[in-house]
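Engineer:
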Amino acid sequence: MVTTIEPEDVDPADRIEELLSGNNVEAAAELLADLHPADQADLYDRLDDAETLEEIAERLPRVELPRVLDLTKKDIAADALRMLPPAEAARALAQMKTAQEITPLLIHPDESAGGLMTPAFVALHKDMTVGEAMTLLRARKPLAEEAYYLYVLDARNRLEGVVNLRQLIVAERDVRIEDVMTRDVVSVRPDTDQEEAANLLQHYRLRALPVVDKNGVLSGIITADDIIDVIAEEATEDMYRMAGLPGDESIFAPVRVSAQRRIPWLMINLGTAFMAGGMVLIFEGTIAKAAGLAVFMPIIAGQGGNAGIQTITIVVRSLALGEIEPRDANRILYKEIMLGVIRGVLFGLIVGIAAYIWKGEWGWGVVVGTAMLLNMLVAGLLGTLIPLGMKAFRLDPAIASGVFLTTFTDMLGFLFLLGLATLLIDQLT
Numbered sequence: 151m152v153t154t155i156e157p158e159d160v161d162p163a164d165r166i167e168e169l170l171s172g173n174n175v176e177a178a179a180e181l182l183a184d185l186h187p188a189d190q191a192d193l194y195d196r197l198d199d200a201e202t203l204e205e206i207a208e209r210l211p212r213v214e215l216p217r218v219l220d221l222t223k224k225d226i227a228a229d230a231l232r233m234l235p236p237a238e239a240a241r242a243l244a245q246m247k248t249a250q251e252i253t254p255l256l257i258h259p260d261e262s263a264g265g266l267m268t269p270a271f272v273a274l275h276k277d278m279t280v281g282e283a284m285t286l287l288r289a290r291k292p293l294a295e296e297a298y299y300l301y302v303l304d305a306r307n308r309l310e311g312v313v314n315l316r317q318l319i320v321a322e323r324d325v326r327i328e329d330v331m332t333r334d335v336v337s338v339r340p341d342t343d344q345e346e347a348a349n350l351l352q353h354y355r356l357r358a359l360p361v362v363d364k365n366g367v368l369s370g371i372i373t374a375d376d377i378i379d380v381i382a383e384e385a386t387e388d389m390y391r392m393a394g395l396p397g398d399e400s401i402f403a404p405v406r407v408s409a410q411r412r413i414p415w416l417m418i419n420l421g422t423a424f425m426a427g428g429m430v431l432i433f434e435g436t437i438a439k440a441a442g443l444a445v446f447m448p449i450i451a452g453q454g455g456n457a458g459i460q461t462i463t464i465v466v467r468s469l470a471l472g473e474i475e476p477r478d479a480n481r482i483l484y485k486e487i488m489l490g491v492i493r494g495v496l497f498g499l500i501v502g503i504a505a506y507i508w509k510g511e512w513g514w515g516v517v518v519g520t521a522m523l524l525n526m527l528v529a530g531l532l533g534t535l536i537p538l539g540m541k542a543f544r545l546d547p548a549i550a551s552g553v554f555l556t557t558f559t560d561m562l563g564f565l566f567l568l569g570l571a572t573l574l575i576d577q578l579t
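In the numbering used here, the protein residues as written are 151 to 579.
1) Report the residue from F433, G265, I474 and K509 whose alpha carbon sits nearest the alpha carbon of P340.
2) So, does the region 242-249 touch the region 271-285, judging by three or more C-beta pairs under 8 Å?
3) Measuring CB to CB, does A571 end up less than 9 Å from T436?
4) Output needed for L538: all residues of its chain with C-beta closer than 6 Å, excluding positions within five of it in sequence on either side, in chain order.
5) I need the straight-line Cα distance from I155 to D260, nearest angstrom please.
6) Distance check for E322 and V336, CA to CA, integer angstroms please.
7) For N456, tell me which candidate among V517, V516, T285 and L527 has the shortest Cα-Cα distance.
8) Please determine if the region 483-503 and the region 553-568 are in contact, where contact requires at least 3 C-beta pairs separated by less than 8 Å.
9) Does the contact criterion of 3 or more C-beta pairs under 8 Å hold for the region 441-457 versus the region 502-518?
10) Going by the beta-carbon positions, is the gap between V380 and A347 smaller than 9 Å?
11) Could you check where the beta strand (DSSP E) with I372 kicks off and where it finishes?
12) Going by C-alpha to C-alpha distance, which of I418, A529, L483 and A240 sits closest to G494?
13) What runs of the beta strand (DSSP E), each 3 residues or longer, lie entirely inside the region 292-358?
14) Near T373, what residues of its chain come up, given a Cβ to Cβ distance below 6 Å and the 5 sequence neighbours on each side ignored?
15) Which residues in the same chain as G366 place their Cβ atom closer than 7 Å to its Cβ, once the five residues preceding and following it in sequence are excluded?
16) Please tell me whether V302 and A270 are closer than 9 Å, where the distance is taken between their beta carbons.
17) Are there 16 or more other CB atoms within 10 angstroms of the CB of R406, so buried, or fewer, so exposed?
18) Near V325, which residues of its chain fall below 8 Å by C-beta distance, leaving aside the five closest residues on each side in sequence?
19) How close, in whole Å, do the beta carbons of L395 and R412 come, if the pair is a contact with beta carbons under 8 Å?
20) Output needed for D363: all residues of its chain with C-beta closer than 8 Å, excluding positions within five of it in sequence on either side, in chain order.
21) Taking only runs of the beta strand (DSSP E) that begin and end inside the region 441-467, which ones reach a length of at least 3 residues, in chain order?
22) Could you tell me the alpha carbon to alpha carbon distance between Q410 and M522, rounded to whole angstroms?
23) Got a sec? Which residues, its chain only, sit under 6 Å from L483 by beta carbon, not counting five neighbours each side?
24) Just tell me which of D388, E214 and L499 has its CA closest to the CA of Q463.
25) Taking the beta carbon of E383 as the centre, do at least 16 other beta carbons fall within 10 Å, making it buried, or is it exposed?
26) Pick helix, strand or coil for P360, following the three-state DSSP scheme.
27) Give me the Cα-Cα distance between D329 and P292, rounded to the nearest whole angstrom.
28) Short of 6 Å in beta carbon distance, which residues of its chain neighbour I450, apart from the five on each side in sequence? Order them along the chain.
29) Residues in the same chain with beta-carbon distance under 8 Å from V152, minus the five sequence neighbours each way, listed in chain order, please.
30) Since L274 is in the beta strand (DSSP E), which residue starts that stretch and which ends it?
31) Compare the beta carbon distance of L234 and A242 with 9 Å and say whether it is the shorter of the two.
32) Nearest-angstrom Cα distance between E399 and R316?
33) With DSSP collapsed to three states, give me the class of T520.
34) List the endpoints of the continuous alpha helix (DSSP H) containing R493.
35) Which residue or residues does DSSP assign as beta-bridge partners of T268?
36) Which same chain residues end up closer than 7 Å to D503 when comparing Cβ atoms and leaving out the 5 residues on each side of it in sequence?
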């Protein structure tokens with residue numbers, strides 16, 4: 151029987167992703183079950199979204215799972231097994247031909263270098279010649295991502311150096327590997343956080359990063375493809391956390407799940423909003439005498455919040471990329487104070503002049519303009535101190551930093567405006 155592959159059948163991964171994104175799990179499972187194990191394995195390799203991968207792992211017939219994972223990249227197979235209940239993962243692993251290669255990956259946390267690495271790499275010995283190394287490559291036929299770097303190991307599998315493919319190609323065949331290898335190799339331990347590994351690979355412009363244990367034995371490599379996924383994942387996680395969202399939130403998640411993920415921080419934000427409201431309540435008498443202040447309250451609080459979010463976003467990103475450390479606080483604070491003064495004077499003049507023109511009293515211009523200046527200054531300070539302080543206490547700087555920031559800029563904005571108005575109430579009325 152001849153099987154003809156129609157154009158729409160060439161890439162089933164897109165169709166399955168589409169069905170899963172629309173919560174049509176049953177249809178996706180049926181389509182998945184009809185695929186050849188090799189196509190199922192290819193689907194695993196392509197899908198880097200954790201929720202989608204977990205959905206497929208749960209729906210795939212258990213009798214097929216070991217065959218599919220044997221054909222899948224080792225790190226992806228390890229990820230899929232981690233998502234299964236322990237008993238089911240153990241049964242699948244026991245039936246896999248590649249269990250010996252995958253088992254070492256499972257002992258490491260998912261978001262560590264050990265959990266991210268693949269054991270597929272090309273090893274050489276320093277006494278080999280370039281010609282012998284080329285013969286080995288022809289016999290092994292490694293994937294492109296595995297062969298860009300060739301790792302030089304000693305008799306105990308300890309990493310001694312690295313040779314990139316270009317060095318091998320341009321060298322004479324009778325030259326020893328020891329004479330062309332690079333001895334200064336950037337590597338990480340298996341327990342290194344995946345974000346730190348990503349930063350190292352970016353900083354040194356590497357195509358792969360070796361993972362060695364405490365004895366220097368090469369355990370595996372992290373490829374650039376894996377790091378790209380990590381960078382996207384970490385960036386999304388930081389962006390979500392700044393807004394008080396968990397890193398695994400998805401636009402396609404069920405309503406019940408999204409509600410459970412989003413409501414907790416909104417409840418906290420509601421509590422902080424009551425705190426800001428309490429600040430207004432303290433100055434109820436001042437507002438009653440000068441009701442026009444209510445017009446400028448959201449302007450001053452909102453502008454301070456926006457300025458602070460600008461600062462906090464830059465600081466969180468710089469911390470995530472390893473560009474700054476808590477010890478850089480003084481230099482960053484000085485810069486943000488200067489920026490706060492510039493922004494405060496500019497926007498303070500604008501709103502102060504607007505208030506003077508509207509009310510015709512110089513006191514309105516002074517109160518509104520000064521409140522704007524002070525709140526812009528505070529926004530820059532808090533936008534720097536909140537993430538740096540959380541980093542100093544070994545907390546994720548991105549965790550709801552935006553929620554904390556806007557709480558303070560709202561409260562202090564009201565305090566500056568209404569406090570100054572209370573002191574100069576005679577000039578406003």
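Glycine included, each C-beta is placed from N, C-alpha and C at the ideal position.
Structural biologist: With the given structure in hand:
1) Closest by alpha carbon: G265.
2) Result no; under three Cβ-Cβ pairs closer than 8 Å.
3) Yes, these two residues count as a Cβ contact at 9 Å.
4) Excluding positions up to five away in sequence, the list reads P476 and A479.
5) Summary for I155: the model assigns pLDDT 40, below 50, so the residue's position carries little reliability, and this model does not support an answer.
6) Each residue's alpha carbon lies about 26 Å from the other.
7) Relative to the Cα of N456, the nearest Cα in the group V517, V516, T285 and L527 belongs to L527.
8) Two segments are said to touch when three or more pairs of C-beta atoms, one from each, lie closer than 8 Å; by this definition the region 483-503 does not touch the region 553-568.
9) Judged by Cβ distances under 8 Å, the region 441-457 makes contact with the region 502-518, as three or more pairs qualify.
10) It is a contact, given that the beta carbons lie within the stated cut-off.
11) Start and end: L368 to T373.
12) Nearest option by C-alpha distance: A529.
13) The region 292-358 contains these whole beta strand (DSSP E) runs: 299-303 and 309-314.
14) Excluding residues within five positions, the ones whose Cβ falls inside 6 Å are E295 and A358.
15) Only R308 and L309 meet the Cβ criterion.
16) No. Outside cutoff.
17) By the 10 Å Cβ count, R406 comes out exposed.
18) So the qualifying residues of the chain are T279 and V280.
19) Between R412 and L395 the Cβ distance is about 6 Å, and since that is below 8 Å, they are a contact.
20) Excluding sequence positions up to five before and after D363, its CB lies within less than 8 Å of the CB of R339, P340 and S369, all in the same chain and listed in chain order.
21) As summarised for the region 441-467, there are no continuous beta strand (DSSP E) elements at least 3 residues long confined to that stretch.
22) Per the coordinates, the alpha-carbon of Q410 lies some 37 Å from the alpha-carbon of M522.
23) T534, listed in sequence order.
24) Per the sequence shown, residue 463 should be read as Thr rather than Gln. Ranking D388, E214 and L499 by CA distance to the CA of T463 puts D388 first.
25) With 16 or more other Cβ atoms within 10 Å, it is buried.
26) In the structure shown, P360 falls within a strand segment according to DSSP collapsed to helix, strand and coil.
27) Those two C-alpha atoms are separated by around 23 Å.
28) Annotation for I450: A521, M522, N525, G563 and L567 place their beta carbon closer than 6 Å to its own, counting only its chain and skipping 5 residues before and after.
29) Residue placement at V152 cannot be trusted, given a pLDDT of 39 that sits under 50; the coordinates are not used to answer.
30) Taken as a continuous stretch (DSSP letters only), the beta strand (DSSP E) holding L274 covers V272 to L274.
31) Yes.
32) If I take the Cα positions, the gap works out to 42 Å.
33) The three-state secondary structure of T520, taken from DSSP, is helix.
34) Run containing R493: A479 to K509, per the alpha helix (DSSP H) assignment.
35) Answer is I371.
36) Sequence check: residue 503 is Ile here, not Asp. Excluding five sequence positions before and after I503, the CB atoms of its chain that fall closer than 7 Å to its own CB belong to G515, given in chain order.
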